[in-house]
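Numbering (our numbering), first residue to last: 877 to 1340.
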């Protein structure tokens, strides 16, 4: 039955390929995220608390929450503390939820029905008291539907002890995953196809090749909503690149605005160095290579800041793959951009070069492919990232995938040659039940090695 259903999807794709993209896309109808389902679950939860949504600037937090409010509630109240500084005054007098609600009602000239109104507190990091008030809303007025969001909320929390621990629900929003990217471009049947895959079914070659083409496009455009929106409306990759460079500029502006003066040049140096590290054969982050005389104690906080801002992901080195991996990490680590399209832009990789042949997957030492894998694993599984090296450093597995009680080695292959001495070394030493490789090849299982196409990496949890 599964095989028949999968081939039905593949047959249906013949029709999708004949439809012009412009007839499929209505920009304001396709920007729903996978996180939307989590918002729906939060709304009906018996133990609902104020929701705190985190994520890097411009990953689509505000759009998502406004869409959620407009679709699922009779009324939405939107308050942005960055745009309207006077809003903070409502929380400075006292933190009594009833008084705060009355102030909002007066200011907006509305009446708030707790069960029918979504209150969005955007850029809440600009008001320490507003953040603290979430605790009192949870304790005294849990009937109100309150969602707070902030682009640099994580940075504020590095030094702010007033965070309402245990008093809020948390949701982290990432850039569009590849599956969400397919949805945004109108390729809904390809999404169904990917989600229907199992070990026994290869994807028909025309559709496998088409998915590889779209994946190349994703490596250029990435998952930032603005970049996707530009492509949908202009179909010009040069316009997309311009938009990406503007996003990168806003990040450096954030460094200047929100970091201490002593940290600004360090943040810029670390941020701009990440593509260089990923472009090397050995992608391990080494402080001494930032510049002559650089020391870890001077730059560790910069990495912490970037992670708190949602701009990077860490992958920690493990020498002994035991469960749970976080208890067996070593000192080494890698650093990835939160968005592969922004990495391509920051690295000045020409879109035309990326689209031609398979050069994308082997140039830049496979940096885009590995960064993509990190981005997909982080967004779809929300786990910490880990990689394995043996004790002499001659063998390395790109990622370790935890699924209790097992740990699976995951090798990311950028080129055509699928042979892996590192997988062989890992297999000889630890004898895992399954070896996983993700590459340009179709879904296939040979003996104990499972090859997952790069475009299907999001469903790894369903395949192992």
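Ideal Cβ placement from N, Cα and C applies to all residues, glycine included.
_So for residue 1245, helix, strand or coil by DSSP?_
Taking the first residue of the chain shown as position 1, residue 1245 is located at position 369. Note: residue 1245 maps to helix in three-state DSSP.
*In the stretch 1079 to 1144, which residue ranges form an unbroken alpha helix (DSSP H) of at least 4 residues, counting only runs that do not cross its ends?*
1081 to 1097, 1101 to 1110, 1113 to 1134
*With respect to the beta strand (DSSP E) encompassing residue 1165, which residues constitute its N-terminal and C-terminal limits?*
For the purposes of this step, residue 1165 is taken as residue 289 along the chain shown, with counting starting at 1. No beta strand (DSSP E) contains residue 1165, which DSSP labels as neither H nor E.
*Return the bridge partner residues of residue 1327 from the DSSP annotation.*
The count along the chain shown starts at 1 and reaches residue 1327 at position 451. Residue 1327 pairs with 1313, 1320.
_Where the beta strand (DSSP E) through residue 1282 begins and ends_ = Taking the first residue of the chain shown as position 1, residue 1282 is located at position 406. First-last of the beta strand (DSSP E) with residue 1282: 1282 to 1288.
*Separation of residue 915 from residue 1047, as counted between CA atoms*: Locating residue 1047 in the chain shown gives position 171, where the first residue counts as 1. Locating residue 915 in the chain shown gives position 39, where the first residue counts as 1. If I take the Cα positions, the gap works out to 9 Å.
*Determine, using beta carbons only, whether residue 1120 comes closer than 7 Å to chain B.*
Any reference to chain B falls outside this structure, which holds one protein chain only.
*Three-way DSSP call (helix, strand, coil) for residue 1001 in this model*: If you number the chain shown from 1, residue 1001 lands on position 125. Residue state, collapsed to three classes: helix.
_Proximal residues to residue 1304 (C-beta, below 7 Å), its chain only, five neighbours per side dropped_ = By one-based count along the chain shown, residue 1304 stands at place 428. Closer than 7 Å at the Cβ level, and outside the excluded window around residue 1304, lies no residue.
*Cutoff 6 Å; reference residue 1312; Cβ partners in own chain excluding five residues on either side*: Taking the chain shown and counting its residues from 1, the one referred to as residue 1312 is at position 436. For residue 1312, where only same-chain residues beyond five positions count, the Cβ hits under 6 Å are 1284, 1286, 1326.
*Where residue 1138 falls, given that 16 or more other Cβ within 10 Å makes a residue buried*: The residue you call residue 1138 lines up with position 262 of the chain shown. Exposed, since its Cβ has fewer than 16 Cβ neighbours within 10 Å.
*Less than 7 Å separating the beta-carbons of residue 1156 and residue 1178?*
For the purposes of this step, residue 1156 is taken as residue 280 along the chain shown, with counting starting at 1. For the purposes of this step, residue 1178 is taken as residue 302 along the chain shown, with counting starting at 1. Not closer than 7 Å, so no.
*Uninterrupted alpha helix (DSSP H) stretches inside the stretch 951 to 1039 (no shorter than 4 residues)*: 965 to 968, 973 to 984, 1004 to 1016, 1029 to 1035
*Quick one: what does DSSP say residue 1149 is sitting in, helix, strand or coil?*
Within the chain shown, the letter at position 273 stands for residue 1149. Three-state DSSP puts residue 1149 in a helix.
*asked:* In this structure, how does DSSP classify residue 902 when only helix, strand and coil are distinguished?
replied: Taking the first residue of the chain shown as 1, we reach residue 902 at position 26. Interpretation of residue 902 is limited by its pLDDT of 37, a score under 50 that renders its predicted location unreliable; the figure taken from the coordinates is listed afterwards. Coil at residue 902, not helix or strand.
*Around the Cβ of residue 1247, are there at least 16 other Cβ atoms within 10 angstroms (buried) or fewer (exposed)?*
As a position in the chain shown, residue 1247 is number 371, starting the count at 1. Around the beta carbon of residue 1247, 16 or more other beta carbons sit within 10 angstroms, so the residue counts as buried.
*With a cut-off of 8 Å on the beta carbons, I'd call residue 1277 and residue 1336 a contact; round off their distance for me.*
As a working note, residue 1277 is residue 401 in the chain shown. As a working note, residue 1336 is residue 460 in the chain shown. That belief holds up - the Cβ atoms of residue 1277 and residue 1336 are roughly 6 Å apart, short of 8 Å.
*Closer than 6 Å by C-beta to residue 1187: which residues in its own chain qualify, once you throw out the five before and the five after it? Chain order, please.*
The count along the chain shown starts at 1 and reaches residue 1187 at position 311. For residue 1187, where only same-chain residues beyond five positions count, the Cβ hits under 6 Å are 932, 1214.
*DSSP beta-bridge partners for residue 1279?*
Translated into the one-based positions of the chain shown, residue 1279 becomes position 403. DSSP, once it has assigned bridges, lists 1282 as partnering residue 1279.
_Please give the ranges of any alpha helix (DSSP H) in the stretch 1156 to 1226, keeping only runs that are unbroken, at least 4 residues long and fully inside the region._
1172 to 1184, 1216 to 1222
*Check the DSSP bridge columns for residue 929 and list the partner residues they point to.*
The residue given as residue 929 occupies position 53 in the chain shown. BP columns for residue 929 point to 1025, 1047.
*Below 6 Å CB to CB, which residues in the same chain sit around residue 1002 once its five sequence neighbours on both sides are set aside?*
Counting from 1 along the chain shown, the entry for residue 1002 is found at position 126. Closer than 6 Å at Cβ, skipping near neighbours: 957, 958.
*asked:* Quick test of the definition: if touching needs 3 or more C-beta pairs under 8 Å, does the stretch 988 to 1000 touch the stretch 946 to 966?
replied: yes
*Among residues of its own chain, excluding the 5 on either side of residue 1144, which ones have a beta-carbon nearer than 8 Å to its beta-carbon?*
Counted from its first residue, the chain shown places residue 1144 at position 268. Around residue 1144: 1128, 1131.
*In whole angstroms, what is the alpha-carbon distance linking residue 1161 and residue 1098?*
Taking the chain shown and counting its residues from 1, the one referred to as residue 1161 is at position 285. Taking the chain shown and counting its residues from 1, the one referred to as residue 1098 is at position 222. For residue 1161 and residue 1098, the distance between alpha carbons rounds to 23 Å.
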